[in-house]
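For the numbering used here, count along the sequence shown from 1 and bump the result up by 57. Written below as structure tokens is the structure these notes are about.
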Amino acid sequence: MVDENKKSKQVELQDVHQYYSAILNCVPNWVYWIDKDCILQGCNMRFTQFLGLKTLGDFSGTPYPKLAQVAQWSPTVIDAFRLDDMSVVFSGQAMHDRDLPPILFQDGTIHHFICNRDPLLDQSGRVLGAVVVLVEVPEPRPKQEKPHVEALPKGPENRAPRVLIVEDNLVAKQVEESLMRALNCDVDCADTGQQAMALFHPGTYDLVIMDIGLEDTSGYVLSKQFRQLEKGTQFHVPIIALTSFEADLVKYDCDYYFMDGVISKPLSAEQADQIVQHYIYHKNTTVNGLKYA
Numbered sequence: 058m059v060d061e062n063k064k065s066k067q068v069e070l071q072d073v074h075q076y077y078s079a080i081l082n083c084v085p086n087w088v089y090w091i092d093k094d095c096i097l098q099g100c101n102m103r104f105t106q107f108l109g110l111k112t113l114g115d116f117s118g119t120p121y122p123k124l125a126q127v128a129q130w131s132p133t134v135i136d137a138f139r140l141d142d143m144s145v146v147f148s149g150q151a152m153h154d155r156d157l158p159p160i161l162f163q164d165g166t167i168h169h170f171i172c173n174r175d176p177l178l179d180q181s182g183r184v185l186g187a188v189v190v191l192v193e194v195p196e197p198r199p200k201q202e203k204p205h206v207e208a209l210p211k212g213p214e215n216r217a218p219r220v221l222i223v224e225d226n227l228v229a230k231q232v233e234e235s236l237m238r239a240l241n242c243d244v245d246c247a248d249t250g251q252q253a254m255a256l257f258h259p260g261t262y263d264l265v266i267m268d269i270g271l272e273d274t275s276g277y278v279l280s281k282q283f284r285q286l287e288k289g290t291q292f293h294v295p296i297i298a299l300t301s302f303e304a305d306l307v308k309y310d311c312d313y314y315f316m317d318g319v320i321s322k323p324l325s326a327e328q329a330d331q332i333v334q335h336y337i338y339h340k341n342t343t344v345n346g347l348k349y350a
């Protein structure tokens, strides 16, 4: 009797899956969804066919290498596309109406798309991944003229600023690294306290972005070790902590362990720019969300 109930539930789930798959296949857009590691979990038939697959079972992994191949996008373009997916997964915030580069189809025709991304949440509001919808538009929208942005000056010693990111969450690390590289910084990353200690030497970096919660140690302990290495030298690198908690709750702990401030995750592009302007170029720039004792 139990086995029959299990079989009945399995059949019921398969029916529900087929029902929603049929609905998605009727949508005149390309739809796919990924998990927190950006692994492709499903898609509608339009996206499957574009990737040149008969069924989704023919594919495993992230969709980006295959998408870059069939769309004929450069590594720079696909990296930016992947980063936008990751940003939605990491932040839990939707990203709508983003223009995509033209896609050249196999028949030689050029197609234009906009992209909508939404976080995929469970019943408790926890982010499970993201749903990505590519909507074809008849022609590219006219681009708005971007305001002139003065090039950032070189960092100390007339070189690109050097930033150390200590972060053990893969998605968070890649997002933070991309944000800093977009600001013309040279970036090193460490997954563990041991790696960070091997990389850090007084005067090597102009900024440290420090995750407080690490697998093998804590950002607090690591920051104190960095300061001990700097003791007796002329160097004092700014250390900005990142926390999954409210920044106000840990700002006194961060001060005790010689950090310069703390921001609640996720780090935004605006905050990254403000941090670089304030702590590297010493401009009178307010860093949104930064807390300190």
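Glycine included, C-beta positions come from ideal geometry on N, C-alpha and C. Please read all numbers here as calculations on a predicted model, not as lab measurements.
Pairwise C-alpha distance: residue j and residue i
i: residue 235; j: residue 117; result: 25 Å
i: residue 333; j: residue 193; result: 37 Å
i: residue 162; j: residue 338; result: 45 Å
i: residue 287; j: residue 159; result: 50 Å
i: residue 77; j: residue 104; result: 16 Å
i: residue 172; j: residue 93; result: 19 Å
i: residue 186; j: residue 95; result: 7 Å
i: residue 138; j: residue 109; result: 20 Å
i: residue 177; j: residue 156; result: 21 Å
i: residue 121; j: residue 89; result: 12 Å
i: residue 249; j: residue 146; result: 22 Å
i: residue 85; j: residue 278; result: 53 Å
i: residue 314; j: residue 253; result: 16 Å
i: residue 82; j: residue 99; result: 12 Å
i: residue 114; j: residue 79; result: 17 Å
i: residue 212; j: residue 181; result: With a pLDDT of only 49 at residue 212, under the threshold of 50, the placement of this residue in the model should not be trusted, and no figure is reported.
i: residue 285; j: residue 309; result: 19 Å
i: residue 258; j: residue 266; result: 15 Å
i: residue 136; j: residue 290; result: 39 Å
i: residue 207; j: residue 72; result: The predicted position of residue 207 is uncertain, since its pLDDT is 45 and thus under 50; no value can be drawn from it.
i: residue 125; j: residue 169; result: 15 Å
i: residue 343; j: residue 107; result: 45 Å
i: residue 123; j: residue 129; result: 10 Å
i: residue 260; j: residue 283; result: 11 Å
i: residue 350; j: residue 195; result: 54 Å
i: residue 204; j: residue 226; result: Only weak support exists for where residue 204 lies, its pLDDT of 41 falling under 50; the value from the coordinates is given anyway. The straight-line gap from Cα to Cα measures roughly 35 Å.
Coil, strand or helix - residue i by DSSP
i: residue 143; result: helix
i: residue 77; result: helix
i: residue 150; result: coil
i: residue 305; result: helix
i: residue 167; result: strand
i: residue 82; result: helix
i: residue 94; result: coil
i: residue 174; result: strand
i: residue 156; result: strand
i: residue 219; result: strand
i: residue 196; result: coil
Contact under 9 Å by Cβ, residue i with residue j
i: residue 292; j: residue 321; result: no
i: residue 273; j: residue 223; result: no
i: residue 262; j: residue 216; result: no
i: residue 264; j: residue 336; result: yes
i: residue 256; j: residue 329; result: no
i: residue 87; j: residue 184; result: no
i: residue 307; j: residue 319; result: yes
i: residue 244; j: residue 143; result: no
i: residue 246; j: residue 230; result: yes
i: residue 325; j: residue 131; result: no
i: residue 271; j: residue 304; result: no
i: residue 97; j: residue 119; result: yes
i: residue 179; j: residue 188; result: no
Burial state of residue i (16 or more Cβ within 10 Å)
i: residue 311; result: buried
i: residue 101; result: buried
i: residue 233; result: buried
i: residue 151; result: exposed
i: residue 164; result: exposed
i: residue 300; result: buried
i: residue 280; result: buried
i: residue 40; result: Because the chain spans 58 through 350 in this model, residue 40 falls outside it and cannot be assessed.
i: residue 323; result: buried
i: residue 10; result: The requested residue 10 is not part of the displayed model; the chain covers only 58 to 350.
i: residue 167; result: exposed
i: residue 331; result: buried
Near the ligand FAD: residue i beta-carbon under 8 Å from a heavy atom
i: residue 108; result: This structure lacks the ligand FAD, and indeed carries no ligand of any kind.
is_contact[residue i, chain B] using C-beta, thresh 9 Å
i: residue 317; result: Here there is only one protein chain, and chain B is not present.
My parser needs the alpha helix (DSSP H) runs of 4 or more residues fully inside the segment 308-349; what are they? 326-332
Could I get the ranges of all uninterrupted alpha helix (DSSP H) runs contained in the segment 107-137, with 4 residues as the minimum, in chain order? 121-128
Mind pulling the alpha helix (DSSP H) runs of 4 or more residues that sit fully within the segment 221-296? 227-239, 250-256, 276-287
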